[in-house]
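**Student:** Before we start, here is the structure in question, set down as structure tokens.
Numbering (the numbering used here), first residue to last: 7 to 534.
Structure representation (structure tokens):
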């Protein structure tokens, strides 16, 4: 909490010259070194604070994901070592501190907003809506990781005029935070149905918006797609099941009022336009492919699934090991560390396609994309007993996933492993293959398993936080792990622990939720 409070001071005011999405990052100054701000500029400060955990970044992938979510979802193969199922403190604190940087920027935005006259608020309301949408997506991720977090009263040191004693925030229950955000997003979605932004203010919004480049339609789709994701996440919880059912039906049944992301042209992402600005994916290579530290080795289960279904994403997402004779071989998670290391050192294990991922400095920061939304729709239709629409959404999601990864591969600045574009015949064969064929699934559970497998493949290491959340919620695929008998945590956890820094400096508030701060304590939506 001490870091949360300090970061709130650093963010007090922001100065930013208007700029295009492509050159924004180079123009955005350190918020601790400026003395004036505005609604427009503070909005961009919120987005900028979250960039490193949206666009592929070294610390996120190397320090955090390489030793937590990516192996725990078996999106990568890794060398078994003692204590591997306890989240590393440095990586966990990185995520925690970054979120509270974003939240502190948002609280400063609220402070400026509340001091603005009503007529100007009306002119600039798109900034207020968009800031909230982005924050709620970031907050969803935090609740899904930790369960309870300081939220409602957090990040208010500047608002409280530097009063530390009144700025230590209580931890809020995850279901309460979710409920609040769903209420707010529903309100925003309804307001956006009739939103009108004047030409001058539209130009200003475009200049400050590094996600959707000022496109109001995409912000509507962002809000509703985020609602769809969150409602689906909590749909099995007794507290939210009725609400989730009715609101998901309303969203999917009313695309005019509640549009979502329908195709890859509508993906919600932070694009990289110029790798010579701070918004780039240069850190991706060292994040997953740092010499001597394997963060891109292929996992056996995913490789075998792609091979068995003759999925063209196999060559788009992976490359064969250097000594594997062109064969795609994944790393068996049940072998001993020495056995695994020998296979890796011997060049037998496949790894993530360098053109698509690690050496692609233009890889976009994915927030929500079309394939994810299609799979959410497919799940809704399965639950509603609409088999034809479920199959259509499922197969559309697979096609959209292939299209997305192929476009990323083709747009890379490094063509060392450029993939041959899939043919329509290949895609038809994939959809007809035994592991993927919709007709082979004769029960709702079997159909849900098909969808879950495709989510897992699609998210892989690119949307790792969503991947881990959905894997815990659905419990599919069923993954086997080496048992670490040297540790009290013998298998992957189901949540992260609150960082030690927060426990130390916010001790009184932490005590109220300390009983839930256990790696094996499921979150409120994880009811299977």
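Ideal Cβ placement from N, Cα and C applies to all residues, glycine included.
Taking three-plus beta-carbon pairs below 8 Å as touching, is the stretch 502-514 in contact with the stretch 334-342?
**Tutor:** As far as the Cβ criterion goes, the stretch 502-514 does not touch the stretch 334-342, which means the pair count is below three.
**Student:** Taking C-alpha atoms, which residue in 378, 127 and 499 lies nearest to residue 404?
**Tutor:** That would be 378, whose Cα lies nearest to the Cα of residue 404.
**Student:** Please name the residue, chosen from 438, 64, 489 and 180, that lies closest to residue 527 on a Cα-to-Cα basis.
**Tutor:** The residue with the shortest Cα to Cα distance from residue 527 is 180.
**Student:** With burial defined as no fewer than 16 other Cβ atoms inside 10 Å of the residue's Cβ, what is the status of residue 175: buried or exposed?
**Tutor:** Buried, since its Cβ has 16 or more Cβ neighbours within 10 Å.
**Student:** Am I right that residue 118 and residue 55 are in contact with their C-beta atoms under 8 Å? What's the rounded C-beta distance?
**Tutor:** Contact doesn't hold; Cβ gap of about 15 Å is too wide.
**Student:** Check the DSSP bridge columns for residue 274 and list the partner residues they point to.
**Tutor:** Note: residue 274 sits in a beta bridge opposite 374.
**Student:** Out of 136, 444, 376 and 491, which has the shortest C-alpha to C-alpha gap to residue 219?
**Tutor:** Looking at the Cα atoms, 136 is the closest of the given residues.
**Student:** Looking only at its own chain, which residues have a Cβ that is under 6 Å from the Cβ of residue 29, when we skip the five neighbours before and after it?
**Tutor:** Caution is warranted here: a pLDDT of 43 is assigned to residue 29, below 50, making its placement in the model unreliable, and the coordinate value is therefore given only provisionally. None.
**Student:** Let me check one thing: in DSSP terms, what residues is residue 337 bridge-paired to?
**Tutor:** In DSSP, residue 337 forms a bridge with 305.
**Student:** List the whole-angstrom C-beta distance separating residue 278 from residue 370, where the pair is believed to meet the contact cut-off of C-beta under 8 Å.
**Tutor:** Between residue 370 and residue 278 the Cβ distance is about 6 Å, and since that is below 8 Å, they are a contact.
**Student:** Can we say the stretch 401-421 touches the stretch 356-363, given the rule of at least three CB pairs closer than 8 Å?
**Tutor:** Taking 8 Å as the limit for Cβ pairs, the verdict is that the stretch 356-363 does touch the stretch 401-421.
**Student:** Expressed to the nearest angstrom, what Euclidean distance is found between the alpha-carbon atoms of residue 34 and residue 76?
**Tutor:** Any reading at residue 34 must be qualified, since the residue scores a pLDDT of 41, below 50, and its modelled position is unreliable; the value itself is stated next. So the two alpha carbons sit approximately 31 Å from each other.
**Student:** So which of 213, 255 and 102 has the shortest CA-CA distance to residue 59?
**Tutor:** Of the candidates 213, 255 and 102, the one whose C-alpha sits nearest the C-alpha of residue 59 is 102.
**Student:** Give the secondary structure of residue 357 by DSSP, where H, G and I count as helix, E and B as strand, and everything else as coil.
**Tutor:** Three-state result, residue 357: strand.
**Student:** Tell me which same chain residues have a C-beta within less than 7 Å of the C-beta of residue 154, skipping the five on either side of it?
**Tutor:** Contacts found: 177, 178, 179, 180, 519 and 522.
**Student:** Here's the rule: buried if 16 or more other CB atoms are within 10 angstroms of the residue's CB, otherwise exposed. What is residue 481?
**Tutor:** Residue 481 is exposed by the Cβ-count criterion.
**Student:** What does the alpha-carbon distance come out to for the pair residue 203 and residue 45?
**Tutor:** Answer to the nearest angstrom: the Cα atoms are 15 Å apart.
**Student:** Would you check if the distance between the CB atom of residue 389 and the CB atom of residue 399 is smaller than 8 Å?
**Tutor:** Contact flag unset, no.
**Student:** Examine the Cβ distances between the stretch 122-138 and the stretch 209-224 and report whether three or more of them are shorter than 8 Å.
**Tutor:** Yes, the stretch 122-138 is in contact with the stretch 209-224.
**Student:** Identify the residues that DSSP records as bridge partners of residue 504: which are they?
**Tutor:** Paired residue(s): none; residue 504 is not in a bridge.
**Student:** Among 230, 287 and 239, which one has its Cα closest to the Cα of residue 260?
**Tutor:** Selected option, being the one with the closest Cα: 230.
**Student:** Roughly how many whole angstroms lie between the Cα atoms of residue 330 and residue 352?
**Tutor:** Looking at the two C-alpha atoms, the distance is approximately 9 Å.
**Student:** Please return the same chain residues whose Cβ sits closer than 8 Å to the Cβ of residue 479, not counting the five positions on each side in sequence.
**Tutor:** Only 239, 242, 531, 532 and 534 meet the Cβ criterion.
**Student:** In angstroms with no decimal places, state the Cα-to-Cα distance between residue 271 and residue 93.
**Tutor:** Using only the alpha carbons, I get a separation of about 36 Å.
**Student:** Roughly how far, in whole angstroms, is the beta-carbon of residue 368 from the beta-carbon of residue 281, given that I think they are within contact range, below 8 Å?
**Tutor:** So it is a contact: roughly 7 Å between Cβ atoms.
**Student:** Determine whether the beta carbon atoms of residue 291 and residue 365 lie at a separation below 8 Å.
**Tutor:** Yes.
**Student:** Taking C-beta to C-beta, are residue 381 and residue 356 nearer than 8 Å?
**Tutor:** Cβ distance not < 8 Å, so residue 381 and residue 356 don't count as in contact.
**Student:** Applying the criterion that 16 or more other CB atoms from any shown protein chain within 10 Å of the CB defines a buried residue, is residue 397 buried or exposed?
**Tutor:** Flag for residue 397 reads buried.
**Student:** Helix, strand or coil for residue 77? Go by DSSP, reduced to three states.
**Tutor:** Residue 77: helix per DSSP, three-state reduction.
**Student:** Leaving out the 5 sequence neighbours to the left and right, which residues in its chain are closer than 7 Å to residue 387 when beta-carbon positions are compared?
**Tutor:** Excluding sequence neighbours, residue 387 sits near 395, 396 and 399.
**Student:** Please list, in chain order, all residues of the same chain as residue 148 whose beta carbon is under 7 Å from its beta carbon, the five residues on each side excluded.
**Tutor:** Once the five neighbours on either side are set aside, the close Cβ partners of residue 148 are 105 and 155.
**Student:** Just to confirm my understanding: we take residue 490, look at its own chain, exclude 5 residues before and 5 after, and list those with CB closer than 8 Å. What are they?
**Tutor:** Taken in chain order, the residues that qualify are 86, 88, 89, 90, 91, 496 and 497.
**Student:** Roughly how many angstroms lie between the CA atoms of residue 430 and residue 144, to the nearest whole one?
**Tutor:** Their Cα atoms are separated by approximately 37 Å.
**Student:** Measuring CB to CB, does residue 232 end up less than 8 Å from residue 82?
**Tutor:** Cβ distance not < 8 Å, so residue 232 and residue 82 don't count as in contact.
**Student:** Quick one: grab the DSSP three-state call for residue 150.
**Tutor:** Correct three-state label for residue 150: helix.
**Student:** I want to check one thing, is the minimum distance from the CB of residue 148 to the heavy atoms of the ligand GTP below 7 Å?
**Tutor:** In terms of ligand content, the structure shown is empty, and the ligand GTP therefore cannot be addressed.
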